[in-house]
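Chains as they are written, first to last, in this note's numbering: chain A, 272 to 724; chain B, 5 to 510. Here the structure is laid out as structure tokens; the discussion comes afterwards.
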Amino acid sequence: MRTVSRTGVLTVALLLLVVVVTIASLVRFVLDTPDYTPLMWVSLVMYGLTMTVGEATRVDLGARRSVAPLGLAAGMATALTLAGNEGPITQDGPVLLALTTVSMGAAGVLVARTGTESVESLLQQAMARTLVIVALFLSYRGLLALQPAGQETGHLFGRGWPDAAAMVVLALVATFASFAVLRAIRPKQVGLPHRVSLLDELGDVWPLSAVTALGAVMVCLMDGLVGPVLIPLYLLPVVLMQAAVQRQAEQRRATRSTLDVLGRVTDVAGFTAPGHASRVAAMSVRMGRVFGLGERDLRDLETAALVHDIGQVGLSRPIPGGATTEVSALDQRRLALSAGGILARTEDLSRLALVVSRQAVRYRSVESLDQAPLAGRIIKVANAWDDLIGTDPDVEHRIHALQRLELAAGSEYDPAVVAALRRVLEQGGLMHPAGTGRRARTGPPPSEGDPVA
Amino acid sequence: MSTTTGRARVGRVTHGSTVVLSPAVRTRLLICALIVLAAGCGVLAHGISPDLDLGGVAVLTTLALVSVSLPTRGSRGHIGPSLTPVVQIAAIPIGGALAGLIVGAVSHLLIARRQRLASRLFNASMNAVMGAVAGLLYVAVGGVTGQQSGVGPLDVILHLGLPLVLAFLVSTLVNLAVLYLRLGWDRPDSREAFVRAALPGLRGQLPISVLVAFLFAVLWGPGGLQMFAAVLVLGPLAVAHWTLAQDEAERSSQESTVTTLVATFETANPFSVGHPDRVAELSARMAEELGLSPGEKAVLAHAARLHDVGLITASSTRRSAREVDVDYLVEISQHPDVGVEILQEIGFLAPVLPAIRHHHERWDGRGYPSGLAGEEIPLAARIIAVADAFDALTCAPPERQPLTDRRALARLRERAGTHLDPHAVDALGRVLSAGPWAPTMLVRADDARLVNHDDPVVSDLYADWSPEGDEDEPCPDPASAPPASVDSPADPARSPHRAVPLSGET
């Protein structure tokens with residue numbers, strides 16, 4: 272809970288800073304209007320318009336992430352152009368800030384009215400981008416100031432590829448920085464060990480980031496060469512990339528919704544408790560995070576967990592409550608095999624068939640862990656936990672259920688996975704009534720030896 | 005003289021007075037003609053503008069070679085342009101009037117892919133002509149090659165931009181013309197199909213390709229970036245292409261989830277293994293006969309595979325009923341709606357849902373769940389209804405005496421206009437006369453006595469019972485509705501439905 276409030280304070284502080292600086296910039300702009308060439312004014316207007324449109328046409332990547340590559344590219348191109356202008360920094364800086372914040376504000380109003388994204392998230396993104404754009408402006412301007420006198424103005428090492436390469440490097444750093452800033456202020460998932468590495472998430476965003484950075488440099492250069500009227504056309508590669516990413520995100524959502532439906536089929540048919548599959552999937556993913564699995568593995572784990580009970584549709588009559596932990600070990604394995612058989616029907620999901628068909632294997636009976644994939648062992652525990660507890664809010668029951676699983680750890684369940692379950696439950700505050708801060712030790716002592724096995 | 009006789013022996017087949025060239029010889033002739041044309045245009049262009057930047061041409065040729073050698077995925081859903089023609093045409097302002105010819109010819113000659121020598125030569129010579137004609141036009145309309153930095157925007161647009169656009173257009177036209185010519189020689193009937201396939205793709209890709217070539221050429225020369233322009237312009241495009249390739253993988257995983265739903269249904273109803281795919285195949289063939297659009301066909305394909313998904317939830321005792329009673333009819337009448345309920349969360353299946361909901365409607369309006377009639381029923385649902393009934397009659401375990409295709413079709417024809425859409429039945433008739441229909445079928449022995457809800461008799465029983473029809477009367481026992489009255493009365497003894505104890509033990 273503490274992290275959330277800290278990011279909240281950070282957001283408000285940054286917002287205040289941006290508002291103050293913007294107002295100061297606008298005042299300065301009005302009092303002392305810069306004497307740019309007409310072409311420069313056209314450039315600035317085009318940049319402002321492109322930034323607004325780009326910010327307003329954002330791509331939803333899922334997982335509470337959305338990006339506006341066009342907006343960021345236009346903003347960075349503005350920064351590079353103004354930095355290359357080499358007027359007094361007290362003049363170019365405020366112009367950049369005013370243009371950026373006004374464009375983003377306009378775009379923010381447009382997006383907020385559609386209601387697709389929360390105002391808070393929009394503010395955070397606009398601020399992250401503004402910061403990065405200003406930083407890019409200052410760093411390129413700084414490099415230009417450092418270079419010995421006598422060079423052509425507005426270009427590093429004269430005109431040519433070294434100048435472009437320097438801009439590309441700065442823009443790349445800026446793009447990744449904007450990603451890192453957003454990641455830092457985004458509220459973390461409460462109480463979860465965030466072992467998913469930064470690199471792993473970078474793997475998802477690098478193509479888009481690289482195209483955005485290269486696009487920004489290209490727009491800036493083309494603006495100087497052919498003029499500002501065609502600025503939207505220079506953004507073509509970014510537009511194409513944005514379309515590609517958008518399609519990819521849509522495909523992912525489509526696949527995901529079908530998987531959700533597959534997970535719910537057994538609920539609708541009355542074989543499992545309502546929501547069982549999605550709860551097992553959510554719990555499995557949390558436990559997978561404890562083991563430090565990467566995004567790809569987590570996605571596979573989630574898919575396998577969603578469909579782990581699908582084999583039950585072949586039963587002639589439902590298991591009471593759908594609780595597979597209550598049926599014989601042989602039947603458990605048979606159901607798991609049936610589910611694996613369904614997954615094996617398609618090329619894409621067949622790689623999960625092994626995980627799903629071995630989910631019921633007893634930990635004690637495997638000769639090597641290769642025979643029972645980690646994902647399968649995780650699903651086995653998550654499934655048992657949900658069969659025992661489901662949506663039961665009673666802490667006593669939870670403690671008892673966890674003890675029951677811990678007693679069977681080493682025989683039925685993988686002890687490491689059961690330990691991960693305990694960690695997830697404790698960190699999620701699920702093992703004690705809100706806010707007591709310590710683990711309650713009031714559960715009844717286990718009376719049966721190994722009740723699950 | 006000797007070559008002429010040699011060619012006459014090998015390549016000429018003389019039919020009376022007309023001389024027909026064999027395909028191999030025609031290709032060789034075409035290649036020779038293309039090479040001569042390319043050389044001619046090349047010499048002319050070189051005459052007008054003799055500059056040639058060999059270093060630049062070497063780099064661009066390598067780029068084109070890499071891009072043309074990379075594996076291409078299916079053309080479905082391409083957004084970005086293909087990079088090879090972009091590099092080839094941009095080479096003209098960068099390297100000189102002959103650069104397009106060289107880049108096109110060399111890259112296609114050395115392509116790092118398995119290719120027959122004839123194809124290699126044909127592609128190389130065709131691209132040489134494209135590059136040469138484009139180069140000639142470019143310099144002819146005042147395009148400047150090897151432009152260096154320090155020129156104004158107007159110069160860039162007038163002496164690079166506009167000539168480049170013209171050059172790109174003419175090279176595309178040459179490309180289409182040569183392919184049209186060659187296709188027409190081999191199979192004249194395929195020309196129309198070629199034009200229809202090529203034009204829509206061109207409309208989207210051409211402006212993008214031209215723009216990319218313009219950006220690339222401007223940054224290379226006037227921008228002074230040289231090779232770095234490739235990083236700046238072609239890099240992002242390559243990344244976009246790569247992302248689209250990932251997209252294909254995502255699409256296939258989306259199809260996989262649909263197949264998994266079908267597999268789940270079949271696990272729940274072992275009796276129905278293969279039924280969804282058989283109905284999908286029959287429906288697809290009927291759609292062809294009925295002239296459905298590609299979009300409608302895609303919807304029909306999904307609907308046909310998923311039409312019975314709602315049966316997953318029908319309680320198992322009902323699914324394996326051995327007689328038709330009111331409980332069975334009630335249960336079975338819910339499955340179209342249940343199927344829709346299950347699938348409605350899946351966005352891309354939204355257009356499929358009406359077909360699934362109404363696949364048990366009847367042409368006379370006495371079906372379920374909505375009692376729609378005639379054209380009110382979605383066409384896809386009417387097609388599935390026919391395929392469904394046909395499959396129920398022909399694919400039954402041996403104990404149930406499945407009908408032959410001919411007899412089944414005859415029975416469906418009797419139902420055209422009452423139960424089924426006459427047009428759809430006609431389409432099925434055309435499908436069956438066009439080719440054999442011999443699906444493989446797996447049946448488990450113990451399924452033989454179960455009722456198949458797709459059996460047309462069940463539809464009639466429902467129609468006669470129809471709960472909303474007359475509410476003042478108590479539900480009549482469906483067993484009292486004699487199946488013979490709606491079934492072919494001519495030979496009740498040989499009807500397969502006799503195996504279903506419809507009358508009697510209720």
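Each residue gets a CB set at the ideal place from its N, CA and C atoms; glycine is no exception. Because the structure is a prediction, the values reported are computed rather than measured.
**Request:** Please confirm if B:LEU1 has its CB atom under 9 Å from at least one CB of chain A.
**Result:** Outside the modelled stretch of chain B, which goes from 5 to 510, sits residue 1 of chain B, for which no answer is possible.
**Request:** Pull up the DSSP beta-bridge partners for A:ASP331, would you.
**Result:** In the DSSP output, where bridge partners are listed per residue, A:ASP331 has A:SER337.
**Asked** Within 9 Å (strictly less), CB to CB, does A:TRP432 reach chain B?
**Response** So, interface residue.
**Message:** Closer than 7 Å between beta carbons: that is the criterion. Which residues of the segment 248 to 259 of chain B meet it against chain A?
**Reply:** Cβ contacts with chain A come from LEU248, GLN250, ASP251, GLU254, ARG255, SER256, SER257 and GLN258.
**Message:** Between B:PRO226 and chain A, is the shortest Cβ-Cβ distance under 9 Å, so that the two count as touching?
**Reply:** So yes, B:PRO226 belongs to the interface.
**Asked** Roughly how many whole angstroms lie between the Cα atoms of B:PRO355 and B:ALA377?
**Response** One alpha carbon belongs to B:PRO355, the other to B:ALA377, and they sit about 20 Å apart.
**Asked** Within the 9 Å Cβ cut-off, does A:ILE502 reach chain B?
**Response** Judged by the 9 Å Cβ criterion, A:ILE502 is not in contact with chain B.
**Message:** Tell me the DSSP secondary structure of B:LEU25 in three-state form.
**Reply:** Strand.
**Cβ-based burial, B:SER26 [other Cβ within 10 Å; buried from 16]** = Sixteen is the threshold: since fewer than 16 other Cβ atoms of the shown chains lie within 10 Å of the Cβ of B:SER26, the residue is exposed.
**Under the three-state DSSP convention, the category B:LEU424 falls into** = Strand, per DSSP.
**C-alpha distance - B:ARG80 paired with B:MET290, whole-angstrom precision** = Since pLDDT at B:ARG80 reaches only 42, below the 50 mark, its modelled position is unreliable, and the value read off the structure follows with that caveat. Cα to Cα, the separation comes out at about 24 Å.
**Asked** Buried or exposed: A:TRP656, going by 16 or more other Cβ atoms within 10 Å of its Cβ?
**Response** A:TRP656 should be labelled buried.
**Request:** Can you give me the start and stop residues for the alpha helix (DSSP H) that B:ALA68 sits inside?
**Result:** 58 to 73 is the span of the alpha helix (DSSP H), which, as asked, contains B:ALA68.
**Prompt:** With a Cβ-Cβ cutoff of 9 Å, do A:GLY486 and A:MET512 count as a contact?
**Reply:** A contact, by the Cβ cut-off of 9 Å.
**Asked** By DSSP, does A:ALA680 sit in helix, in strand, or in coil?
**Response** Three-state DSSP puts A:ALA680 in a strand.
**Cβ of B:ILE316 within 9 Å of any chain A Cβ** = For B:ILE316, the answer is yes, since a Cβ of chain A falls inside 9 Å of its Cβ.
**the segment 569 to 587 of chain A contacting the segment 599 to 618 of chain A, beta-carbon criterion three pairs below 8 Å** = Judged by Cβ distances under 8 Å, the segment 569 to 587 of chain A makes contact with the segment 599 to 618 of chain A, as three or more pairs qualify.
**Asked** Which class does B:ASP481 belong to by DSSP, given the choice of helix, strand or coil?
**Response** In this predicted model, B:ASP481 has a pLDDT of only 43, less than 50, meaning its place in the structure is not dependable; the value taken from the coordinates is given anyway. Taken through DSSP and simplified to helix, strand or coil, B:ASP481 comes out as coil.
**Where B:TRP469 falls, given that 16 or more other Cβ within 10 Å makes a residue buried** = Burial state of B:TRP469 is buried, judged by a 10 Å Cβ sphere holding 16 or more other Cβ atoms.
**Message:** Buried or exposed for B:GLU270, going by 16 or more other Cβ atoms inside 10 Å?
**Reply:** Within 10 angstroms of the beta-carbon of B:GLU270 lie 16 or more other beta-carbons, which makes it buried.
**Prompt:** What residue from A:VAL532, A:VAL584, A:ASP568 and A:GLY498 has the CA that sits closest to B:LEU353's CA?
**Reply:** Looking at the Cα atoms, A:VAL532 is the closest of the given residues.
**Asked** What are the uninterrupted segments assigned as alpha helix (DSSP H) that are 4 or more residues long and contained completely in the segment 152 to 182 of chain B, given in chain order?
**Response** Taken in chain order, the complete alpha helix (DSSP H) segments of 4 or more residues contained in the segment 152 to 182 of chain B are 157 to 160.
**Request:** Note the first and the last residue of the continuous alpha helix (DSSP H) segment covering B:MET130.
**Result:** Run containing B:MET130: 121 to 144, per the alpha helix (DSSP H) assignment.
**Prompt:** Which class does A:PHE542 belong to by DSSP, given the choice of helix, strand or coil?
**Reply:** Of the three classes helix, strand and coil, the one that applies to A:PHE542 here is coil, per DSSP.
**Message:** Suppose the cutoff is 6 Å on Cβ atoms and the five residues either side in sequence are ignored; what does the same chain contact list for B:VAL110 look like?
**Reply:** So the qualifying residues of the chain are THR65.
**Request:** Give me the Cα-Cα distance between B:LEU41 and B:ARG200, rounded to the nearest whole angstrom.
**Result:** The straight-line gap from Cα to Cα measures roughly 27 Å.
**Message:** Does the CB of A:GLY546 have a neighbour CB from chain B at under 9 Å?
**Reply:** Using beta-carbon distances, A:GLY546 does not count as an interface residue toward chain B, since no partner is under 9 Å.
**Request:** Spell out whether any CB of chain B is found under 9 Å from the CB atom of A:VAL439.
**Result:** Chain B, which has a Cβ nearer than 9 Å to the Cβ of A:VAL439, makes this yes.
**Item:** Interface residues of the segment 167 to 185 of chain B facing chain A [CB-CB below 8 Å]
**Value:** Cβ contacts with chain A: none found.
**Request:** Mark B:LEU248 as exposed unless 16 or more other C-beta atoms lie within 10 angstroms of its C-beta, in which case mark it buried.
**Result:** Buried, by the Cβ-count rule.
**Asked** Buried or exposed: where does B:GLY51 fall if 16 or more other Cβ atoms within 10 Å of its Cβ makes it buried?
**Response** With fewer than 16 Cβ atoms within 10 Å of its Cβ, B:GLY51 is classed as exposed.
**Request:** Would you check if the segment 534 to 551 of chain A and the segment 488 to 495 of chain A touch, i.e. whether three or more CB-CB distances between them fall below 8 Å?
**Result:** Cβ pair count under 8 Å is below three, so no.
**Request:** Scan the segment 516 to 532 of chain A for residues whose Cβ lies nearer than 8 Å to a Cβ of chain B and list them as they occur along the chain.
**Result:** Within the segment 516 to 532 of chain A, the qualifying residues are VAL516, ARG518, GLN519, GLN522, ARG523, ARG524, ALA525, THR526, SER528, THR529, LEU530, ASP531 and VAL532.
**Item:** Alpha-carbon spacing of B:PRO406 relative to A:SER621, whole angstroms
**Value:** Their Cα atoms are separated by approximately 35 Å.
**Prompt:** Going straight from the alpha carbon of B:GLN92 to that of A:ARG648, what length do you get?
**Reply:** Annotation: B:GLN92 to A:ARG648 spans about 56 Å, alpha carbon to alpha carbon.
**Message:** At the 9 Å Cβ level, is B:ALA138 part of the contact set with chain A, yes or no?
**Reply:** No - not a single Cβ of chain A is within 9 Å of the one on B:ALA138.
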